[in-house]
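K.L.:
To convert, note that position 166 of the sequence shown is 301 in the numbering used here; the numbers rise steadily by one, no gaps.
Where is the CB? At the ideal position from N, CA and C, for every residue including glycine.
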Amino acid sequence: MVLLATFCIFSSSKTERCRTFAIPMIHLEGIHKTYQGAQPLHVLKGIDLDIAEGELVSIMGASGSGKSTLLNILGILDDYDEGRYYLADTLIRDLSETRAAAYRNKMIGFIFQSFNLIGFKTAVENVELPLFYQGVGRRKRHQMAMDELEKMGLTDWAAHYPNEMSGGQRQRVAIARALVTRPKIILADEPTGALDSKTGVEVMELLKRLNREEGITMIIVTHDPSVAAQTNRIIRIKDGVIE
Ligand SMILES: Nc1ncnc2c1ncn2[C@@H]1O[C@H](COP(=O)(O)OP(=O)(O)O)[C@@H](O)[C@H]1O
Ligand SMILES: [Mg+2]
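(1) Do you know offhand how far residue 231's Cα is from residue 214's?
(2) In terms of residue numbering, what span does the beta strand (DSSP E) encompassing residue 238 cover?
(3) Around the C-beta of residue 361, are 16 or more other C-beta atoms found within 10 angstroms, so that it is buried, or is it exposed?
(4) Using the three-state DSSP reduction, which class does residue 201 fall into: helix, strand or coil?
(5) Look up residue 220 in the DSSP assignment and give the residues it is bridged to.
(6) Grab the span of the alpha helix (DSSP H) containing residue 284 for me, first residue to last.
(7) Pull every residue with its beta-carbon under 7 angstroms away from any heavy atom of ligand 2, and keep them in chain order.
(8) Which first and last residues belong to the beta strand (DSSP E) in which residue 352 is found?
(9) Closest by CA to residue 278, which one among 296, 312, 298?
(10) Measure how close the beta-carbons of residue 281 and residue 259 come, nearest whole angstrom, since I'm counting them as under 8 angstroms.
(11) Cβ-heavy atom distance between residue 170 and ligand 1 below 7 angstroms?
(12) I want to check one thing, is the minimum distance from the CB of residue 308 to the heavy atoms of ligand 1 below 7 angstroms?
(13) Of the choices 152, 154, 160, 142, whose alpha-carbon is the least far from that of residue 351?
(14) Comparing alpha-carbon positions, which option in 368, 374, 356 lies nearest residue 194?
(15) Given this structure, state the Cα-to-Cα distance separating residue 201 from residue 152, to the nearest angstrom.
(16) Please name the residue, chosen from 158, 179, 255, that lies closest to residue 371 on a Cα-to-Cα basis.
(17) Mapping the DSSP letters down to three states, classify residue 152 as helix, strand or coil.
(18) Sorry if obvious, but does the Cβ on residue 376 come closer than 7 angstroms to a heavy atom of ligand 1?
(19) Output yes or no for whether 8 angstroms exceeds the beta carbon distance between residue 187 and residue 211.
(20) Hey, would you say residue 266 sits closer than 8 angstroms to residue 308, going by beta carbons?
(21) Tell me whether residue 300 sits in a helix, a strand or coil according to DSSP, three-state version.
(22) Taking the C-alpha atoms as reference points, what is the distance between residue 345 and residue 173?
(23) Beta carbon of residue 184: closer than 7 angstroms to some heavy atom of ligand 1?
(24) What residues are listed by DSSP as bridge partners for residue 195?
(25) Please determine, among 224, 192, 256, the residue with the shortest C-alpha to C-alpha distance to residue 296.
Right, dumping it as structure tokens:
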């Protein structure tokens, strides 16, 4: 699916001229972000960026360059100070907190370096959680979570707790949790950063397959050039802007 918009110009002779454009999935224009504190820190200094639906991109940059800050803004987890962020056709600034949360839940799945699983919940309960927040009933969300775990090859691990699983298994539970709501976009912050290199390769293969086969737009923050090299486009942040 490609998002399309049609613009028409009505001339005085009443004949209309229309053109159809593809809308990027993500459109950032002049995004600024400053962290307030004793010493305000101007991290993003005018980020302009378009990402089309179905792209597989990586974001690279030195530690502290603002990669996670940018990802948090893309994920509607954090606000920006200046500029415009359109996700699909929606200007994010315009959303109320409740609508932003619902939109985030519908559009975006997150994967983190440290998995961010809940330790006192089993694998399947972790995967069910976003569905719980969407108000999906108990039985249905259990079935959906089990289906997602099956795709990750984790059926036998559904009743296990995160601390009983390897790093690679935990990250696959986290990927199942990101996918269970059928998001349009996956945002991954150093998804292989806590894994050994062999497991990291397996997780990247999985993310690439999801991009290829399900058309999920995939945005991967990494400082690992071998991870970035597997994506179709590398976006580099330096001094608060995109190089
Ligand atoms: N919540 C916050 N409050 C204040 N400073 C922050 C906050 N989050 C990040 N920073 C600072 O902003 C800069 C960019 O951070 P971050 O986006 O996490 O960088 P990266 O992910 O590229 O390593 C760093 O100097 C970091 O210390
Ligand atoms: Mg970071």
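P.N.:
Quick look at the numbers:
(1) If you take the alpha carbons of residue 231 and residue 214, they lie about 12 angstroms apart.
(2) Not the beta strand (DSSP E): residue 238 falls in the alpha helix (DSSP H), residues 232-242.
(3) The residue is exposed, with fewer than 16 neighbouring Cβ atoms inside 10 Å.
(4) Shown here, residue 201 sits in coil according to DSSP, grouped into three states, outside any helix or strand.
(5) According to DSSP, which records beta bridges pairwise, residue 220 is partnered with 163.
(6) Segment 273-286, the alpha helix (DSSP H) holding residue 284.
(7) One residue list follows from the rule of a beta carbon closer than 7 angstroms to any heavy atom of ligand 2, given in chain order as 202, 203, 324, 325, 356.
(8) Unbroken beta strand (DSSP E) run through residue 352: 352-356.
(9) When only C-alpha atoms are compared, the closest one is 312.
(10) Yes, they are in contact, since the Cβ atoms of residue 281 and residue 259 sit about 6 angstroms apart, within 8 angstroms.
(11) For residue 170, the shortest separation between its Cβ and any heavy atom of ligand 1 lies below 7 angstroms.
(12) False, no ligand heavy atom lies under 7 angstroms from that Cβ.
(13) Residue 351 has its Cα closest to that of 160, out of 152, 154, 160, 142.
(14) Measuring from the Cα of residue 194, the nearest candidate turns out to be 356.
(15) C-alpha separation (whole angstroms): 43 angstroms.
(16) Measuring from the Cα of residue 371, the nearest candidate turns out to be 179.
(17) Residue 152: strand per DSSP, three-state reduction.
(18) Because no heavy atom of ligand 1 lies under 7 angstroms away, the Cβ of residue 376 does not count as near it: no.
(19) No.
(20) Cβ atoms of residue 266 and residue 308: not closer than 8 angstroms.
(21) Residue state for residue 300 is assigned as coil, using DSSP reduced to three classes.
(22) A straight-line Cα-Cα distance of about 43 angstroms links residue 345 and residue 173.
(23) Flag unset: Cβ of residue 184 not near ligand 1.
(24) Per DSSP, 371.
(25) Of the candidates 224, 192, 256, the one whose C-alpha sits nearest the C-alpha of residue 296 is 256.
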